[in-house]
Amino acid sequence: MANLVPLTDNKKPFVTADGSFSYYNLTYNEAYHAKSIGAYTESLHKFVFASGILEKLRYKEVWLLDICFGLGYNLAVLINEYLKKQGLHKLNILSVEKDPSVLSLLENNYLFWPVHSYSILRKLLEGNPVNNIDLNIIIDDATAVFEYLTFPFDVIFFDPFSKSKNPEMWDINVFKKLYSLLKNDGCIVTYACSASVRKKFYKAGFLSYDTRNLPTGFQKGTLMKKFVYLQ
1 MANLVPLTDN KKPFVTADGS FSYYNLTYNE AYHAKSIGAY TESLHKFVFA
51 SGILEKLRYK EVWLLDICFG LGYNLAVLIN EYLKKQGLHK LNILSVEKDP
101 SVLSLLENNY LFWPVHSYSI LRKLLEGNPV NNIDLNIIID DATAVFEYLT
151 FPFDVIFFDP FSKSKNPEMW DINVFKKLYS LLKNDGCIVT YACSASVRKK
201 FYKAGFLSYD TRNLPTGFQK GTLMKKFVYL Q
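The numbering of the sequence shown is the UniProt record's numbering, which starts it at 1 and goes up by one.
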């Protein structure tokens, strides 16, 4: 008899290499995280550490644009690291997510860790600022949200499904819009590092850099910074 795996809506849970849980999205036919790396590890090294956001928070209030919220790991891991530090400035987060069912998935779901950070994330999603952190989430297609966003951000977490599964999010016009939403000293971080993705970011006005190797030795992510815009 085949093993029966519990489904939540269109999502199937699995354990990743570092022991943290992620889900496989049956609509996109893609996992939210790489099983071979680990959901927690990927968020910590490809987004939180790579962006330098904790260093920015040492000297100023920071505005973060989180695309896409997904299972919330990038934010939960960021919250976990934020709470370890003393004297950090306020963290303001705007998150965008197309699939409202992920919010239901987080309710009373204790597969995710750090457990304490996820409990804070749930409170933030209810509209309650916690520990000098404020979160607003927009449930909509990100490409539609970009049309009315004008606020400049210090950091952007860019974490949609892959180019093959979610091609509209990897269009150069999206990257140009992100350029306009970023402060001059801001940056974007993403897990993708292919030459084709980097080339589009370059044409949109960014210089790309490898993020540091993960402890597991697996694929790097990419950090993008602005330079003189190319028409």
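Glycine included, each C-beta is placed from N, C-alpha and C at the ideal position.
Can you look up VAL15 in the DSSP assignment and give me helix, strand or coil?
What you label residue 15 is simply residue 15 of the sequence shown in a count that begins at 1. The three-state secondary structure of VAL15, taken from DSSP, is strand.
Tell whether a beta-carbon distance below 8 angstroms holds between ASP159 and ASN92.
Position 159 of the sequence shown, counted from the first residue, corresponds to residue 159. Position 92 of the sequence shown, counted from the first residue, corresponds to residue 92. In this structure, ASP159 sits away from ASN92, with a CB-CB distance that is not shorter than 8 angstroms.
The alpha helix (DSSP H) spanning LYS199 covers which residue range?
Walking along the sequence shown from the start, residue 199 turns up at place 199. Segment 195-203, the alpha helix (DSSP H) holding LYS199.
Under 8 angstroms between C-beta atoms of ILE156 and VAL96:
Taking the first residue of the sequence shown as 1, we reach residue 156 at position 156. Taking the first residue of the sequence shown as 1, we reach residue 96 at position 96. Against a cut-off of 8 angstroms, the Cβ pair of VAL96 and ILE156 comes out as no contact.
Closer than 8 angstroms by C-beta to GLY70: which residues in its own chain qualify, once you throw out the five before and the five after it? Chain order, please.
Within the sequence shown, residue 70 is the residue found at index 70, counting from 1. Correct list, in chain order: TYR32, GLU97, VAL102, ASP159.
In the DSSP assignment, find the alpha helix (DSSP H) that holds PHE161 and state where it starts and stops.
To locate residue 161, count along the sequence shown from 1; it is residue 161. PHE161: not part of any alpha helix (DSSP H); DSSP gives it neither H nor E.
Using DSSP with H/G/I as helix, E/B as strand and the rest coil, what is ASN3?
Indexing the sequence shown from 1 puts residue 3 at position 3. Low local confidence applies: a pLDDT of 43 at ASN3 is under 50, so the model's placement there is unreliable, with the coordinate-based value given in what follows. Residue state, collapsed to three classes: coil.
Can you tell me which of the three DSSP states LYS165 falls into?
For the purposes of this step, residue 165 is taken as the residue at position 165 of the sequence shown. DSSP, read as helix, strand or coil, puts LYS165 in coil.
When you compare only the Cα positions, how much space is there between TRP170 and ALA39?
The residue you call residue 170 lines up with position 170 of the sequence shown. The residue you call residue 39 lines up with position 39 of the sequence shown. One Cα belongs to TRP170, the other to ALA39, and the distance between them is close to 22 angstroms.
CB-CB under 8 angstroms to LEU223, same chain, minus the five flanking residues each way: which ones, in chain order?
Position 223 of the sequence shown, counted from the start, is the residue given in the question as residue 223. Cβ within range, chain order: ALA50, SER51, CYS187, ILE188, VAL189, SER208, TYR209, ASP210, THR211.
Using beta-carbon positions only, say whether TRP113 and SER196 come within less than 8 angstroms of one another.
In the sequence shown, the residue the question calls residue 113 occupies position 113. In the sequence shown, the residue the question calls residue 196 occupies position 196. Cβ distance not < 8 angstroms, so TRP113 and SER196 don't count as in contact.
With a threshold of 7 angstroms on Cβ separation, who are the neighbours of SER43 within its own chain once the five nearest residues in sequence on each side are excluded?
Within the sequence shown, residue 43 is the residue found at index 43, counting from 1. If you ignore the 5 residues before and after SER43, its C-beta comes within less than 7 angstroms of the C-beta of TYR73, ASN74, VAL77, all in its own chain and listed in chain order.
Should the region 78-92 be regarded as contacting the region 176-186, the criterion being three or more beta carbon pairs within less than 8 angstroms?
Contact annotation: the region 78-92 does not touch the region 176-186, with fewer than three C-beta pairs closer than 8 angstroms.
Using a 10 Å radius around the Cβ and a threshold of 16 neighbouring Cβ atoms, would you call ASN10 buried or exposed?
Mapped onto the sequence shown, residue 10 falls at position 10. Exposed, by the Cβ-count rule.
What residue does the alpha helix (DSSP H) around VAL102 start on, and which one ends it?
Position 102 of the sequence shown, counted from the start, is the residue given in the question as residue 102. Residues 101-106.
In or out: HIS45 buried (at least 16 other Cβ within 10 Å) or exposed?
Numbered from 1 along the sequence shown, position 45 holds the residue referred to as residue 45. Burial call: buried.
Since GLU126 is in the beta strand (DSSP E), which residue starts that stretch and which ends it?
Here residue 126 refers to the residue found at position 126 when the sequence shown is read from its first residue. Under the DSSP assignment, GLU126 falls outside any beta strand (DSSP E); it carries neither an H nor an E label.
First through last residue of the alpha helix (DSSP H) which encompasses LEU75
Position 75 of the sequence shown, counted from the first residue, corresponds to residue 75. Where LEU75 is concerned, the enclosing alpha helix (DSSP H) starts and stops at 73-84.
How about PHE161 and LEU65: are their beta carbons less than 8 angstroms apart?
Position 161 of the sequence shown, counted from the first residue, corresponds to residue 161. Position 65 of the sequence shown, counted from the first residue, corresponds to residue 65. No.
Which of the three DSSP states is assigned to SER20 in this structure?
The residue you call residue 20 lines up with position 20 of the sequence shown. DSSP places SER20 in coil when its eight states are reduced to three.
DSSP three-state assignment for ILE37, whether helix, strand or coil:
In the sequence shown, residue 37 corresponds to position 37, counting from 1. In this structure, ILE37 counts as coil in the three-state DSSP scheme.
Residue interval of the beta strand (DSSP E) (run including TYR209)
As a working mapping, residue 209 is identified with position 209 in the sequence shown. Element bounds for TYR209: 206-210.
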